[in-house]
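Residues -16 to -1, 1 to 217, numbered by mature numbering (1 follows the signal peptide of the UniProt record, and there is no 0), are exactly what the sequence shown covers, in order.
In what follows, a structure is listed as C-alpha coordinates, so that the remarks can point back to it.
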Amino acid sequence: MIRSLLICSLISLSLSSTPQQFITAPDLEATVFFEGECPPEGCPENNVCNCDESMLGDGICQWECVNFACNWDHGDCCENWMLYNDFCDAACYLEKFKWDQGACKKPLGKCKCSWNDIGNGFCNWHCSDHIECLMEGGDCCFYFEVGDGRCEEYCYNIENNWDGGDCFKNPPKDCPCYEKGLLGDGVCNKECDTEECVHDFGDCCDEKLLGNGVCDESCNTEVLDFDGGDCLN
(Lines of atoms letter the chains of each structure in order from A and count residues from 1; the text may use other names and numbers.)
(Lines give C-alpha, C1' and ligand atoms only; values in the text may rest on other atoms or scores of the structure.)
Protein backbone atom coordinates (compact mmCIF):
# COMPACT_ATOMS: atom_id res chain seq x y z
CA MET A 1 0.00 0.00 0.00
CA ILE A 2 1.27 3.45 -0.87
CA ARG A 3 1.16 5.87 2.00
CA SER A 4 0.68 9.60 1.34
CA LEU A 5 2.60 12.34 3.02
CA LEU A 6 1.65 16.00 2.65
CA ILE A 7 4.59 18.36 2.91
CA CYS A 8 3.69 22.05 3.16
CA SER A 9 6.89 23.36 1.71
CA LEU A 10 9.05 26.11 3.01
CA ILE A 11 11.37 25.67 0.07
CA SER A 12 12.54 28.61 -1.96
CA LEU A 13 11.46 28.33 -5.59
CA SER A 14 12.58 29.76 -8.87
CA LEU A 15 10.16 31.47 -11.25
CA SER A 16 9.99 28.35 -13.40
CA SER A 17 9.23 25.98 -10.54
CA THR A 18 6.01 24.01 -10.51
CA PRO A 19 4.39 21.72 -7.90
CA GLN A 20 5.68 18.18 -8.14
CA GLN A 21 4.69 14.71 -7.10
CA PHE A 22 7.51 12.28 -6.55
CA ILE A 23 8.27 8.95 -4.93
CA THR A 24 10.82 9.25 -2.15
CA ALA A 25 10.78 5.55 -1.30
CA PRO A 26 9.03 2.50 -2.76
CA ASP A 27 6.19 2.78 -0.25
CA LEU A 28 6.07 6.55 0.28
CA GLU A 29 4.42 9.10 -1.99
CA ALA A 30 4.97 12.77 -1.20
CA THR A 31 3.29 15.86 -2.59
CA VAL A 32 5.03 19.20 -2.25
CA PHE A 33 3.05 22.41 -1.94
CA PHE A 34 4.79 25.72 -2.22
CA GLU A 35 4.71 28.19 0.63
CA GLY A 36 1.36 29.98 0.63
CA GLU A 37 -0.35 27.41 -1.57
CA CYS A 38 -3.47 25.65 -0.35
CA PRO A 39 -3.62 21.87 0.05
CA PRO A 40 -6.13 19.96 -2.11
CA GLU A 41 -8.93 20.45 0.39
CA GLY A 42 -8.41 24.22 0.18
CA CYS A 43 -7.34 26.90 2.62
CA PRO A 44 -9.91 27.04 5.44
CA GLU A 45 -9.90 30.85 5.53
CA ASN A 46 -10.95 30.98 1.87
CA ASN A 47 -14.28 29.37 2.76
CA VAL A 48 -15.32 32.24 5.03
CA CYS A 49 -16.17 35.84 4.18
CA ASN A 50 -14.35 38.05 6.67
CA CYS A 51 -16.30 41.16 5.67
CA ASP A 52 -19.35 42.23 7.64
CA GLU A 53 -22.54 41.65 5.69
CA SER A 54 -23.30 45.37 5.90
CA MET A 55 -20.16 46.05 3.84
CA LEU A 56 -21.29 43.94 0.90
CA GLY A 57 -23.22 45.69 -1.84
CA ASP A 58 -23.19 49.00 0.03
CA GLY A 59 -21.85 50.92 -2.96
CA ILE A 60 -18.39 51.28 -1.41
CA CYS A 61 -15.51 49.27 -2.83
CA GLN A 62 -13.60 47.13 -0.34
CA TRP A 63 -11.01 45.08 -2.21
CA GLU A 64 -10.55 42.78 0.76
CA CYS A 65 -14.13 41.64 0.09
CA VAL A 66 -13.56 40.84 -3.59
CA ASN A 67 -13.39 37.08 -3.28
CA PHE A 68 -15.52 34.00 -3.82
CA ALA A 69 -16.71 33.73 -0.20
CA CYS A 70 -17.92 37.37 -0.19
CA ASN A 71 -19.47 37.08 -3.67
CA TRP A 72 -16.96 39.58 -5.05
CA ASP A 73 -18.17 42.40 -2.76
CA HIS A 74 -21.48 42.17 -4.65
CA GLY A 75 -19.92 44.18 -7.47
CA ASP A 76 -19.03 47.30 -5.48
CA CYS A 77 -15.54 47.38 -7.01
CA CYS A 78 -16.68 46.85 -10.59
CA GLU A 79 -16.05 50.03 -12.57
CA ASN A 80 -17.65 50.76 -15.93
CA TRP A 81 -14.38 50.60 -17.84
CA MET A 82 -13.80 47.04 -16.63
CA LEU A 83 -16.84 45.92 -18.59
CA TYR A 84 -15.32 47.24 -21.80
CA ASN A 85 -11.72 46.00 -21.62
CA ASP A 86 -12.37 42.34 -22.56
CA PHE A 87 -10.19 41.26 -19.62
CA CYS A 88 -11.52 39.10 -16.81
CA ASP A 89 -12.12 41.18 -13.67
CA ALA A 90 -13.09 39.36 -10.49
CA ALA A 91 -14.80 42.55 -9.29
CA CYS A 92 -17.31 42.23 -12.14
CA TYR A 93 -17.85 38.48 -11.98
CA LEU A 94 -21.57 38.60 -11.18
CA GLU A 95 -24.68 37.74 -13.14
CA LYS A 96 -25.84 41.37 -13.17
CA PHE A 97 -22.68 42.22 -15.13
CA LYS A 98 -23.13 39.18 -17.38
CA TRP A 99 -20.09 37.61 -15.72
CA ASP A 100 -17.88 40.52 -16.77
CA GLN A 101 -19.47 40.57 -20.21
CA GLY A 102 -18.16 37.08 -20.89
CA ALA A 103 -14.51 38.11 -20.56
CA CYS A 104 -13.74 35.31 -18.08
CA LYS A 105 -12.86 32.20 -20.08
CA LYS A 106 -13.39 29.89 -17.13
CA PRO A 107 -15.52 30.09 -13.98
CA LEU A 108 -13.92 31.91 -11.06
CA GLY A 109 -13.78 30.15 -7.72
CA LYS A 110 -11.77 30.24 -4.52
CA CYS A 111 -8.25 31.56 -4.44
CA LYS A 112 -5.86 28.61 -4.38
CA CYS A 113 -3.44 30.49 -2.16
CA SER A 114 -3.65 31.71 1.41
CA TRP A 115 -4.96 35.27 1.68
CA ASN A 116 -2.24 35.89 4.27
CA ASP A 117 0.27 35.71 1.41
CA ILE A 118 -1.59 38.03 -0.96
CA GLY A 119 -0.25 41.57 -1.05
CA ASN A 120 2.34 40.95 1.65
CA GLY A 121 5.25 42.29 -0.39
CA PHE A 122 6.70 38.87 -1.17
CA CYS A 123 6.23 37.25 -4.56
CA ASN A 124 4.47 33.88 -4.52
CA TRP A 125 4.78 33.29 -8.25
CA HIS A 126 2.23 30.47 -8.37
CA CYS A 127 -0.46 32.92 -7.17
CA SER A 128 0.52 35.81 -9.41
CA ASP A 129 -1.69 35.06 -12.41
CA HIS A 130 -4.75 33.88 -10.49
CA ILE A 131 -7.66 36.25 -11.07
CA GLU A 132 -9.34 34.87 -7.94
CA CYS A 133 -6.26 35.93 -5.95
CA LEU A 134 -6.33 39.45 -7.44
CA MET A 135 -3.04 38.67 -9.20
CA GLU A 136 -1.30 38.20 -5.84
CA GLY A 137 -1.86 41.85 -5.03
CA GLY A 138 0.92 42.85 -7.43
CA ASP A 139 3.68 41.32 -5.31
CA CYS A 140 5.38 39.89 -8.42
CA CYS A 141 5.17 43.03 -10.55
CA PHE A 142 8.17 45.26 -11.25
CA TYR A 143 7.46 48.97 -11.60
CA PHE A 144 9.10 49.15 -15.04
CA GLU A 145 6.63 46.58 -16.40
CA VAL A 146 3.66 48.88 -15.82
CA GLY A 147 2.72 50.72 -19.00
CA ASP A 148 5.44 49.09 -21.08
CA GLY A 149 3.01 48.18 -23.87
CA ARG A 150 2.81 44.50 -22.92
CA CYS A 151 0.14 42.91 -20.77
CA GLU A 152 1.66 41.33 -17.68
CA GLU A 153 -1.30 39.76 -15.94
CA TYR A 154 0.52 39.74 -12.60
CA CYS A 155 0.59 43.56 -12.81
CA TYR A 156 -3.14 43.81 -13.47
CA ASN A 157 -4.37 45.05 -10.09
CA ILE A 158 -5.27 48.32 -8.43
CA GLU A 159 -1.87 48.54 -6.73
CA ASN A 160 -0.16 48.72 -10.14
CA ASN A 161 -2.80 50.85 -11.87
CA TRP A 162 -4.03 47.88 -13.87
CA ASP A 163 -0.69 47.45 -15.64
CA GLY A 164 -0.97 50.99 -16.92
CA GLY A 165 -3.73 49.97 -19.33
CA ASP A 166 -1.57 47.39 -21.11
CA CYS A 167 -4.17 44.62 -20.70
CA PHE A 168 -7.01 46.60 -22.29
CA LYS A 169 -7.86 44.80 -25.52
CA ASN A 170 -8.78 46.99 -28.49
CA PRO A 171 -8.97 50.31 -26.61
CA PRO A 172 -10.50 53.33 -28.38
CA LYS A 173 -7.14 54.93 -29.18
CA ASP A 174 -8.72 57.56 -31.44
CA CYS A 175 -10.45 58.97 -28.38
CA PRO A 176 -8.51 61.67 -26.46
CA CYS A 177 -10.46 60.78 -23.32
CA TYR A 178 -8.94 57.30 -23.27
CA GLU A 179 -5.40 58.59 -22.86
CA LYS A 180 -6.61 60.90 -20.09
CA GLY A 181 -8.17 57.99 -18.21
CA LEU A 182 -11.64 59.53 -18.27
CA LEU A 183 -13.59 56.66 -19.81
CA GLY A 184 -15.73 54.58 -17.49
CA ASP A 185 -14.55 56.34 -14.36
CA GLY A 186 -18.08 56.76 -13.03
CA VAL A 187 -18.25 60.45 -13.97
CA CYS A 188 -20.10 61.74 -17.03
CA ASN A 189 -17.64 63.64 -19.19
CA LYS A 190 -19.73 65.20 -21.93
CA GLU A 191 -16.73 65.63 -24.23
CA CYS A 192 -16.31 61.84 -24.10
CA ASP A 193 -19.95 61.04 -24.90
CA THR A 194 -19.18 60.33 -28.55
CA GLU A 195 -19.12 57.29 -30.78
CA GLU A 196 -15.30 57.44 -30.99
CA CYS A 197 -15.14 57.33 -27.20
CA VAL A 198 -17.78 54.59 -26.90
CA HIS A 199 -20.04 57.11 -25.17
CA ASP A 200 -17.80 57.48 -22.14
CA PHE A 201 -18.24 53.74 -21.51
CA GLY A 202 -21.79 54.42 -20.41
CA ASP A 203 -20.97 57.00 -17.74
CA CYS A 204 -23.48 59.48 -19.24
CA CYS A 205 -26.27 56.93 -19.55
CA ASP A 206 -29.36 57.26 -17.39
CA GLU A 207 -30.22 53.60 -16.93
CA LYS A 208 -33.87 54.52 -16.38
CA LEU A 209 -33.96 55.28 -20.10
CA LEU A 210 -32.87 51.80 -21.15
CA GLY A 211 -35.47 50.08 -23.28
CA ASN A 212 -37.90 53.00 -23.25
CA GLY A 213 -38.45 52.84 -26.99
CA VAL A 214 -36.23 55.84 -27.78
CA CYS A 215 -32.59 55.51 -28.84
CA ASP A 216 -30.47 57.42 -26.34
CA GLU A 217 -26.96 57.70 -27.78
CA SER A 218 -25.39 57.99 -24.33
CA CYS A 219 -26.56 54.42 -23.70
CA ASN A 220 -25.74 53.10 -27.16
CA THR A 221 -22.97 50.64 -26.27
CA GLU A 222 -22.72 46.87 -26.53
CA VAL A 223 -22.41 46.51 -22.75
CA LEU A 224 -25.74 48.34 -22.34
CA ASP A 225 -27.31 46.20 -25.07
CA PHE A 226 -27.43 49.26 -27.33
CA ASP A 227 -29.76 51.17 -25.04
CA GLY A 228 -31.70 48.07 -24.13
CA GLY A 229 -32.33 47.38 -27.80
CA ASP A 230 -33.66 50.86 -28.58
CA CYS A 231 -30.74 51.69 -30.89
CA LEU A 232 -30.72 48.44 -32.84
CA ASN A 233 -33.29 49.61 -35.38
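Ideal placement from N, C-alpha and C gives every residue a C-beta, glycine not left out.
Quiz item: Does the distance from the CB of Y162 to the CB of F71 come in under 9 Å?
Solution: Their beta carbons are not under 9 Å apart, which means Y162 does not touch F71 by this criterion.
Quiz item: Can a CB atom of chain B be found closer than 9 Å to the CB of W56?
Solution: Note that chain B does not occur in the displayed structure, where there is just one protein chain.
Quiz item: What number of angstroms, rounded off, separates the C-alpha of C199 from the C-alpha of D214?
Solution: Cα to Cα, the separation comes out at about 5 Å.
Quiz item: Between G168, C76, S38, E180, which lies nearest to P160 when the distance is taken from Cα to Cα?
Solution: E180
Exercise. Give the straight-line distance between the Cα atoms of N196 and N104, rounded to the nearest whole angstrom.
Key: Each residue's Cα considered, the two are about 49 Å apart.
Exercise. Report buried or exposed for N204, applying the criterion of at least 16 other Cβ atoms within 10 angstroms of its Cβ.
Key: buried
Self-check item: CA-to-CA distance, N51 to residue 218, given in whole angstroms
Solution: Lying before the first or after the last residue shown, residue 218 is absent from the chain, which here runs from -16 to 217.
Quiz item: Among the residues of its own chain, which have a CB less than 6 Å from the CB of A9, if the five just before and after it don't count?
Solution: The predicted model places A9 with a pLDDT of 35, which falls under 50 and marks its position as unreliable; any figure quoted below should be read in that light. Contacts found: none.
Quiz item: Which same chain residues, not among the five before or five after M66, have their C-beta less than 6 Å away from its C-beta?
Solution: D73, C76
Exercise. Classify L167 as buried or exposed, calling it buried when 16 or more other Cβ atoms lie within 10 Å of its own Cβ.
Key: buried
Self-check item: Through-space distance from P156 to D184, alpha-carbon basis
Solution: 10 Å
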